[in-house]
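Protein chains: 2
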Amino acid sequence: MEIIALDNYNIHVGNIQQSLQALLGQRSYSQVLVLTDTNTAEHCLPVLKSYLPKQQLNIIQIPAGEQHKHIETCQLIWKQMMELGTDRKALLINLGGGVIGDMGGFCASTFKRGLDFIQIPTTLLSQVDASIGGKLGIDFMKVKNSIGLFNNPQAVFIDPVFLQTLPFREIRSGFAEIIKHSLIADYDQWVMIRQISDLKGQNWASFLVPSLKIKQRIVEEDPFEKGLRKALNFGHTIGHAIEGHALETSQPLLHGEAIAIGFICESYLAHKQTGLQRSDLEEIGTFIQQIYQPKALEERYFDEYLHLMGNDKKNEGKAINFTLIKATGEAVINQTASAEMIVESLRFYNDFIRKTH
Amino acid sequence: MEIIALDNYNIHVGNIQQSLQALLGQRSYSQVLVLTDTNTAEHCLPVLKSYLPKQQLNIIQIPAGEQHKHIETCQLIWKQMMELGTDRKALLINLGGGVIGDMGGFCASTFKRGLDFIQIPTTLLSQVDASIGGKLGIDFMKVKNSIGLFNNPQAVFIDPVFLQTLPFREIRSGFAEIIKHSLIADYDQWVMIRQISDLKGQNWASFLVPSLKIKQRIVEEDPFEKGLRKALNFGHTIGHAIEGHALETSQPLLHGEAIAIGFICESYLAHKQTGLQRSDLEEIGTFIQQIYQPKALEERYFDEYLHLMGNDKKNEGKAINFTLIKATGEAVINQTASAEMIVESLRFYNDFIRKTH
Numbered sequence: 028m029e030i031i032a033l034d035n036y037n038i039h040v041g042n043i044q045q046s047l048q049a050l051l052g053q054r055s056y057s058q059v060l061v062l063t064d065t066n067t068a069e070h071c072l073p074v075l076k077s078y079l080p081k082q083q084l085n086i087i088q089i090p091a092g093e094q095h096k097h098i099e100t101c102q103l104i105w106k107q108m109m110e111l112g113t114d115r116k117a118l119l120i121n122l123g124g125g126v127i128g129d130m131g132g133f134c135a136s137t138f139k140r141g142l143d144f145i146q147i148p149t150t151l152l153s154q155v156d157a158s159i160g161g162k163l164g165i166d167f168m169k170v171k172n173s174i175g176l177f178n179n180p181q182a183v184f185i186d187p188v189f190l191q192t193l194p195f196r197e198i199r200s201g202f203a204e205i206i207k208h209s210l211i212a213d214y215d216q217w218v219m220i221r222q223i224s225d226l227k228g229q230n231w232a233s234f235l236v237p238s239l240k241i242k243q244r245i246v247e248e249d250p251f252e253k254g255l256r257k258a259l260n261f262g263h264t265i266g267h268a269i270e271g272h273a274l275e276t277s278q279p280l281l282h283g284e285a286i287a288i289g290f291i292c293e294s295y296l297a298h299k300q301t302g303l304q305r306s307d308l309e310e311i312g313t314f315i316q317q318i319y320q321p322k323a324l325e326e327r328y329f330d331e332y333l334h335l336m337g338n339d340k341k342n343e344g345k346a347i348n349f350t351l352i353k354a355t356g357e358a359v360i361n362q363t364a365s366a367e368m369i370v371e372s373l374r375f376y377n378d379f380i381r382k383t384h
Numbered sequence: 028m029e030i031i032a033l034d035n036y037n038i039h040v041g042n043i044q045q046s047l048q049a050l051l052g053q054r055s056y057s058q059v060l061v062l063t064d065t066n067t068a069e070h071c072l073p074v075l076k077s078y079l080p081k082q083q084l085n086i087i088q089i090p091a092g093e094q095h096k097h098i099e100t101c102q103l104i105w106k107q108m109m110e111l112g113t114d115r116k117a118l119l120i121n122l123g124g125g126v127i128g129d130m131g132g133f134c135a136s137t138f139k140r141g142l143d144f145i146q147i148p149t150t151l152l153s154q155v156d157a158s159i160g161g162k163l164g165i166d167f168m169k170v171k172n173s174i175g176l177f178n179n180p181q182a183v184f185i186d187p188v189f190l191q192t193l194p195f196r197e198i199r200s201g202f203a204e205i206i207k208h209s210l211i212a213d214y215d216q217w218v219m220i221r222q223i224s225d226l227k228g229q230n231w232a233s234f235l236v237p238s239l240k241i242k243q244r245i246v247e248e249d250p251f252e253k254g255l256r257k258a259l260n261f262g263h264t265i266g267h268a269i270e271g272h273a274l275e276t277s278q279p280l281l282h283g284e285a286i287a288i289g290f291i292c293e294s295y296l297a298h299k300q301t302g303l304q305r306s307d308l309e310e311i312g313t314f315i316q317q318i319y320q321p322k323a324l325e326e327r328y329f330d331e332y333l334h335l336m337g338n339d340k341k342n343e344g345k346a347i348n349f350t351l352i353k354a355t356g357e358a359v360i361n362q363t364a365s366a367e368m369i370v371e372s373l374r375f376y377n378d379f380i381r382k383t384h
């Protein structure tokens, strides 16, 4: 068991049974609720129940998937809390991936003006990304996380046991955030990561705690994303737009799959605008290509992508905001790019993956 | 112009033109939005525009009334912000009564995880009550303010000019909070108030600043309602239930009209449980009767009232929480009452107003 101590709460990494029992024992919650989705109800809830055999748990279950991360699902959650007579002294345990954590945290923070919640992220993506930083929310009008707030959980519990039943595609999606942390802030880790040719054979879990610590350092210096924290947006301006659009099609992309495409496009912008060397751009592109085998983007959707980028939270005024990199391991925030340059980067991506396919 | 300085922001009382212009001049907001309803668009927006002749204002208008204080209206507001390209550096001005302030503040605090907002309350109720304390939110499943959060505005601007066009019934509704502040915390003010026999002839505005200062003192000692602040809930447990229920009928009650009924019922509980003298109970009842001429409550709705009280935010576990008074000017928090006792208080109210009619 490793404990990462943040300013206001702890992240427990390892077998979480003891520390979870300890937290519930210390506090006299009026009620303990567990938010699950159809997947985590099957694969993760039995483990949680075995960890807490004496605890009475009230289960709220919602459909799985990013397409349900919207205000209508919040209303289902609030309605069940209302029907269960949930009060402000209750605790909500969010058992699931980023959707459950973001949406459950938002619902807990707004129900009767706020009750305590803890996060038990069950995907690699949510373990490495959503567990630090207090960003909560839902998608609105296809724009990711556009309704939400900042609020911290009482604690985060990261247990590798939950990853055992996770499909490989989900592991790979989560690994994108580990790649990102190295690209924006840790050259040495990037050097280790870029040697991976096949994720399946690797001990990718060894990157988890170092990666959490990179994020911790960044978030604690800038909790409300006034500056430094924007470094974490690398790959996300274009990636979010691609993800938001794909969500509406018959072939939705996982978050990490979309931002992996974003890494290539935004590395191209970085090469053109902030001095990233051509060789680094190619190295990033080749690595992403190898791990993710992404598909080409259709030109007819480019305008839609630009429109979605125009509504991104990170923008100020009309300019589209980017975090780029100067070099591998070094982010540069508050960059912008013209629509033409963005389209150029999308075309570069298409050419690059066709060439190396 | 009087300024009440709170911990994090100021309340400006008087002609607000200069201080409003000064605030907008000091900060470079990317966009200034004004939330109005159909009433304030007609009666208050022209005044605001005359105060800010050089400012470009983006107007978001919603239907007037508590029956629109719900998540669907929030979605209309967020949608318009999205369509206007609103970013996190924008400012939302909430121009209206409590519904506009509570709901607009909630929408601003959650859009792209939060932008600045200022409150310009235009009813007596919102000027004396909603302008202090940072409580934001909406109604959900008929339960008042059950979804929301705590967040402070950048400033509050209270201008008597907006009350000139307010119907008398609205003035009288707002006056209920002034009565409450005296009953829970200022015996001397209660002595002055109880002498009023007809609100129309009185200089009720003279009570505004003293009343704001009572609320300021209470809220600053307990911003998150852990203890003392609950004093402000006097009359509201029963009052909210009556209001919530009336909202669904053809004869909705204004907030102050409902809590005025709550004062009588909860003073009865206070007489039975916390030592309020019979003579004080009668004095409060007679005064409320004189000012509000409230109607009897139908017995067939009593179960529904109890059900609504059961879902009140203030409850912990299954008990229904009340703030009562020990004497006029002295609140006592964290009280409960049995369903039987609550029904008894509703019947006392009915008998009392029938007798004195």
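Chains as they are written, first to last, in my numbering: chain A, 28 to 384; chain B, 28 to 384.
Every residue gets a Cβ at the ideal spot worked out from N, C-alpha and C, and that includes glycine.
| Check | Outcome |
| --- | --- |
| Inter-residue Cα distance where the pair is T192 of chain A and G266 of chain A | 26 Å |
| Under 8 Å between C-beta atoms of D166 of chain A and K96 of chain A | yes |
| Within 8 Å, strictly: CB atoms of L335 of chain B and G271 of chain B | yes |
| Interface residues of chain B facing L62 of chain A [CB-CB closer than 9 Å] | Those do not exist, as L62 of chain A stays about 16 Å from chain B at its closest Cβ, beyond 9 Å. |
| Proximal chain D residues relative to N338 of chain A, where beta-carbon distance stays under 8 Å | The question asks about chain D, but that chain is absent: this structure's protein chains are A and B. |
| Residue burial classification, I89 of chain B (beta-carbon count within 10 angstroms, cutoff 16) | buried |
| Residue environment, D34 of chain B, which counts as buried when at least 16 other CB atoms sit within 10 Å | exposed |
| DSSP beta-bridge partners of T192 of chain A | Answer by DSSP bridge pairing: none, since T192 of chain A is not bridged. |
| Residues from the region 172 to 206 of chain B in contact with chain A, defined by Cβ distance under 7 Å | S173, I174, G175, L176, F177 |
| Whether A358 of chain B touches G283 of chain B by CB criterion (8 Å) | no |
| V74 of chain B, enclosing alpha helix (DSSP H) - first and last residue | 72 to 78 |
| Nearest to T67 of chain A (by Cα), restricted to the options A:V40, A:T149, A:V59, A:K116 | A:T149 |
| Validate contact between the region 300 to 310 of chain B and the region 346 to 355 of chain B using beta carbons, cut 8 Å, 3 pairs | yes |
| Under 7 Å (Cβ pairs) to chain B, residues found in the region 119 to 138 of chain A | S136, T137, F138 |
| Residues near P250 of chain A in its chain [Cβ-Cβ closer than 6 Å; skip 5 each side] | none |
| Contact with chain A by M28 of chain B, beta-carbon distance below 8 Å | no |
| Element boundaries [beta strand (DSSP E), containing D143 of chain A] | 143 to 148 |
| Closer than 9 Å at the beta carbon, the chain B residues around K162 of chain A | R140 |
| Distance, P321 of chain B Cα to I380 of chain B Cα | 8 Å |
| Within 8 Å, strictly: CB atoms of Q107 of chain A and I145 of chain A | no |
| Extent of the continuous alpha helix (DSSP H) run through F177 of chain A | Premise fails: F177 of chain A lies in the beta strand (DSSP E), 170 to 177, not in any alpha helix (DSSP H). |
| Min CB distance K106 of chain A to chain B below 8 Å | yes |
| Three-pair Cβ contact test at 8 Å for the region 313 to 331 of chain A versus the region 365 to 377 of chain A | yes |
| Stretch-stretch touch, CB-based, cutoff 8 Å, three pairs: the region 109 to 123 of chain A with the region 50 to 66 of chain A | yes |
| Chain A contact residues for M168 of chain B, given Cβ-Cβ distances below 7 Å | K106, M109 |
| Contact list for Q102 of chain B against chain A, beta-carbon separation under 7 Å | I98 |
| Min CB distance K345 of chain A to chain B below 8 Å | yes |
| Given K169 of chain A as reference, the closest of A:F189, A:P279, A:F234, A:Q222 once Cα atoms are compared | A:P279 |
| With 16 other Cβ atoms within 10 Å as the buried cut-off, status of F184 of chain B | buried |
| Nearest-angstrom Cβ-Cβ length linking Q102 of chain B and I98 of chain A, presumed shorter than 8 Å | 6 Å |
| Beta-carbon proximity of L111 of chain A to S136 of chain A, cut-off 8 Å | no |
| Contact belief for L151 of chain B with I198 of chain B at Cβ below 8 Å, rounded distance in angstroms | 5 Å |
| Close-in-space but distant-in-sequence residues of the same chain around L51 of chain A (CB under 8 Å, 5 per side omitted) | V59, L79, Q82, L118 |
| Opening and closing residue of the beta strand (DSSP E) in which N260 of chain A lies | Counting along the chain, N260 of chain A falls outside any beta strand (DSSP E), and DSSP gives it neither H nor E. |
| CA-to-CA distance, Q45 of chain A to L72 of chain A, given in whole angstroms | 17 Å |
| Buried/exposed call for A268 of chain B, threshold 16 Cβ in 10 Å | buried |
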